[in-house]
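Structure record follows, encoded as structure tokens.
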Amino acid sequence: MNLMNPQDRLIFALDVPGKKEAEHYAKMLEGVVGCFKIGLELFISEGPDIVKMIQDRSAANIFLDLKLHDIPATVRGALRSAEKLGVQYITIHSTEGEAILETAQEVKGSGLEVLAVTVLTSTSASSLASLGIREDIDAAALVLDRATRAQNSGCAGVVCSGEEAKLVKLKCGEEFKIIVPGIRPQWARVSGDDQNRIATPFQAIEDGADMIVVGRPIRDAGDPREAAQKIIEEIS
Ligand code: C5P
Numbered sequence: 001m002n003l004m005n006p007q008d009r010l011i012f013a014l015d016v017p018g019k020k021e022a023e024h025y026a027k028m029l030e031g032v033v034g035c036f037k038i039g040l041e042l043f044i045s046e047g048p049d050i051v052k053m054i055q056d057r058s059a060a061n062i063f064l065d066l067k068l069h070d071i072p073a074t075v076r077g078a079l080r081s082a083e084k085l086g087v088q089y090i091t092i093h094s095t096e097g098e099a100i101l102e103t104a105q106e107v108k109g110s111g112l113e114v115l116a117v118t119v120l121t122s123t124s125a126s127s128l129a130s131l132g133i134r135e136d137i138d139a140a141a142l143v144l145d146r147a148t149r150a151q152n153s154g155c156a157g158v159v160c161s162g163e164e165a166k167l168v169k170l171k172c173g174e175e176f177k178i179i180v181p182g183i184r185p186q187w188a189r190v191s192g193d194d195q196n197r198i199a200t201p202f203q204a205i206e207d208g209a210d211m212i213v214v215g216r217p218i219r220d221a222g223d224p225r226e227a228a229q230k231i232i233e234e235i236s
């Protein structure tokens, strides 16, 4: 990733049901996005072959967004398997604390970077109490605490909302990567949107995001390639 190149800072979420659709978007967006994110929907339906398909067709990085959440031995095993696939990024959950975050050390130096999911961008600030989080702890404090633990445990970075990016950058420094989903350009219309803590591409980058994840605003645009290009201009 070269932060000077705006295209390298755009991750497209390949949130599609199968290989045919994934191939369509990989072809259409080749040379425009720096990274393709494969999530649960696509990986469960197509398995590791989908990684190979993208690698064969594209020079972009691959982000395996499986949000691993299990006992440490199982997560370590999953990370070793992901390392063999030759992907650049994978996500683990941070809610269980250091025991799971430290599994990142299993693949340190291998080229696979482990990113910790802090608080999902679909989680609203008002729903934290109902999740058992103490009322005096807001989303920003929770994200900051989890980001610090992730950094101390050997993770390469975190996934957080644009609202917390600035705080995490200040606390964790330049080297620790910040990936921001929940991106909504001003022109984007997403029907039935489930994202709550959202930011525009400009705001997220301005606040310290190293990379932004964009799914539906590109996928569902009339011209996805043009939408991606518009976002790159905004990043620039
Ligand atoms: O379509 P949209 O732009 O909302 O897509 C966001 C993508 O980012 C989805 O693939 C979602 O799984 C992912 N993501 C997220 N919030 C997180 C972590 C990942 O929205 N905290």
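Okay, so the sequence shown: first residue is 1 according to our numbering, each after it adds one. Note that CB positions come from ideal geometry on N, CA and C, so glycine has one too.
Cβ-heavy atom distance, residue i to the ligand C5P, below 7 Å
| i | result |
| --- | --- |
| L120 | yes |
| P181 | yes |
| K207 | It should be pointed out that residue 207 corresponds to Asp in this sequence rather than to Lys. Checking the Cβ of D207 against the ligand C5P gives no. |
| V213 | yes |
| A217 | For the record, residue 217 in the displayed sequence is Pro; it is not Ala. Checking every heavy atom of the ligand C5P against the Cβ of P217, one is found closer than 7 Å. |
| A228 | no |
| A13 | yes |
| K177 | no |
| D210 | no |
| Q88 | no |
Bridge partner(s) assigned by DSSP for residue i
| i | result |
| --- | --- |
| F12 | F36 and V214 |
| E157 | Glu is not the amino acid found at residue 157; the sequence shown has Gly there. L115 and K177. |
| N196 | Paired residues: none, contrary to the question. |
| L68 | I92 |
| I232 | Per DSSP, none; premise fails for I232. |
| N152 | Note: N152 sits in no beta bridge, so no partner. |
| I183 | A199 |
Length of the line joining the Cα atoms of residue i and residue j
| i | j | result |
| --- | --- | --- |
| A245 | D136 | A question about residue 245 goes unanswered here, because the residues of the chain that appear run from 1 up to 236. |
| A13 | G86 | 18 Å |
| D8 | S94 | 25 Å |
| I71 | R184 | 34 Å |
| R189 | K230 | 15 Å |
| K84 | G222 | 37 Å |
| G47 | A228 | 26 Å |
| I205 | I212 | 8 Å |
| I11 | E30 | 12 Å |
Chain B contact for residue i (CB, 8 Å cutoff)
| i | result |
| --- | --- |
| R197 | You won't find chain B in this structure, because it holds only one protein chain. |
Examine the Cβ distances between the region 194 to 204 and the region 148 to 167 and report whether three or more of them are shorter than 8 Å. yes
Answer yes if the region 181 to 196 comes into contact with the region 146 to 155, meaning at least three C-beta pairs across the two stretches below 8 Å, and no otherwise. no
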